[in-house]
Structure formats: C-alpha cells, structure tokens
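In the working numbering, the protein residues as written are 1 to 331. Glycine included, every Cβ here is placed at the ideal spot set by N, Cα and C. Notes follow the structure.
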C-alpha cells in the first residue's frame, strides 16, 4: 500500500469511529504514524478491533524510508480530500503544488537566495506552500533555511504542525492574528497565498498606511498583510504574494501602490495560466515586490508576464528562460 492510501484509509476509519471531520482525523492518523504506528487511544474510545486494524495499516509503511518530499505529496493529497469533504472555505483552500513550484522557481531566479535564509508566511494555512518552496530550494545543499508561519485558525495551524513534523521539516508556527505585533525575526523572503476580504477589527489599524481612511469603507486584509510582511522583511528582502489577477482593477489600488512605492519596489506581476482556475474571476497572479535597501533597486522594466500552461514543458522552459534573461539584464 502506498503512503497516501495509508493516510486516507486510516483517516476514514478514525473519522467514522470518532465522529469527527476528515481533517481532524488526518491529524490523529499522522500523529500515530509519527509515533511509529502507536495508536493513541485515550479513555479507550477506540475498540481493540479498530486499534488492531489501524496498527496493521501503519505497519505497511515506515516513514523513515520515505523522503520528506514524497511524504509532503501524500499529505497534500489527503489534505485536498479533507478540504473537499469538510467544505473548507475558499480562503483556507490549499495552494496547488504547481503554483508553489513556480513561486520557488521565481525565488531562485529573482531573489537568488544564498547561505542562511529565513522564509516566512503570514497566512501559512496547512503549510503546503511554505513546504513546497522549502523542498525545492533545499535541492541546493549549501543553503540553510529557517521557516516561520503565522495563522489565526487553530485547525489550519494544527495541520501545518502535523504536516511539518511528519516531513521532518521544522516550522516555527505562531498562533496569532498576523496583523497584530508579532515576535517574528526579520525574513529574507516573504511568501503568501493571501486571504482576500475585509479586516473586521478597524480599531487595530491606526498605524497601517494601507487602511482606508474613509469611514464608510472597510480595509482590505490582503493590503494590510502585504504591509505587515514589509514590517518583518529585511532591507532588500523580497515578497512573493498570490493575489487575484483583477486586484489592480480595484478603485482602491492606489492605497497599496502608494505604500509600496514609499517602502519598496514593484518588480513583477506574473499572471498564472487560466487553465488551472475554475473561471476568470478566480484567476491569480504572483505579485513580486522588494523592500528598499542598500543593494536593492527598481528593475529597469517591471516584469509583466503570463505564465504558460504548466503542462506545456517547452513553453514553461522558455518562460523561465525569459525571466532569467530579464533578471540578468536588470542586475
């Protein structure tokens, strides 16, 4: 049996026995596997037959024999199933692998990270985006990458914790509203699939430049999170953010653009292929920004590009080559 089917079958058993959502049951089964297949059974809520059945399933896989990236892929499939079955809200949906891998390529080409790197996500969710990028960047064995994730959703953070532990990839996880004061070390790179919507606690926003001063307007959480990311970015650090492609059609865009021009540079907007989205309205772009600093500068031309269909290998190879050329010409 492969790893995903072990995750899924044991999760379904726990879900039915404990009468809990799939994602909560997935946390339980992953923790059992982390504990070398020992079934946690506080207060004997599981029958001996169920415990034995789970133990037999767990014995069919040995986590130590799997590479962290293989474990991540199996967990991702289980998380996707759970999000579908538990009807998770859109802002908590997991960032697809294809998008995470593209962002990792963009980081490699544009940010050119070297040595010790701190990578952070202020809306970490299940941690899949952060972990996808980490495993890609760690193919360069000369790097040492520390990870930080912040989220105010307890279930999502529990999933991120389990996800990182089972992959043997530590993340410093913080359960907190990311728009409050954070105990986060300055980051070299910020990434995030930004939740879109309004921020409800206007009284907390007095120091934010991207808040809307018009009392009849509620401030955008995605604008505020970009500003907060800059607060915790090192000078010259980069941000790679996923935003709706139509975000710059909004009448309030000048609030975000004016802030960014004060503190940094808009280096690129890469529109993702329409094939991976349900419709044009849900289409997203990668927004690349950089904080001002001694070695930072506005690139000669802002990178405005459309990513090809991810399944078209030759087109993708050409696309990444064009981005490399753009970076080299603007050094």
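In the three-state reduction of the DSSP assignment, residue 306 falls in the strand class. For residue 245, the three-state secondary structure derived from DSSP is coil. Per DSSP, residue 163 is one residue of the alpha helix (DSSP H) stretching across 154-166.
By the Cβ-count criterion, residue 227 is buried, with 16 or more other Cβ atoms from all chains shown falling within 10 Å of its own Cβ. About 7 Å separates the beta carbons of residue 182 and residue 174, which is inside the 8 Å limit, making them a contact pair. Under the DSSP assignment, residue 147 falls in the beta strand (DSSP E) whose first and last residues are 144-151. The C-alpha of residue 100 lies about 18 Å from the C-alpha of residue 278. Bounds of the alpha helix (DSSP H) holding residue 313 are 313-329. Secondary structure note for residue 219: it is in no beta strand (DSSP E), with a DSSP letter that is neither H nor E. For residue 249 and residue 289, the gap between their C-alpha atoms comes out near 18 Å.
Contact between the region 122-130 and the region 160-167 is present: 3 or more CB-CB pairs across the two stretches fall below 8 Å. Leaving aside the five residues that flank residue 93 on each side, the residues in its chain whose CB is nearer than 8 Å to its CB run, in chain order, 83.
Boundaries of the beta strand (DSSP E) harbouring residue 267: 264-271, taken from the DSSP string. For residue 287, the enclosing beta strand (DSSP E) stretches over residues 284-291. Here residue 233 is bridged, per DSSP, to 187. The three-state secondary structure of residue 19, taken from DSSP, is coil.
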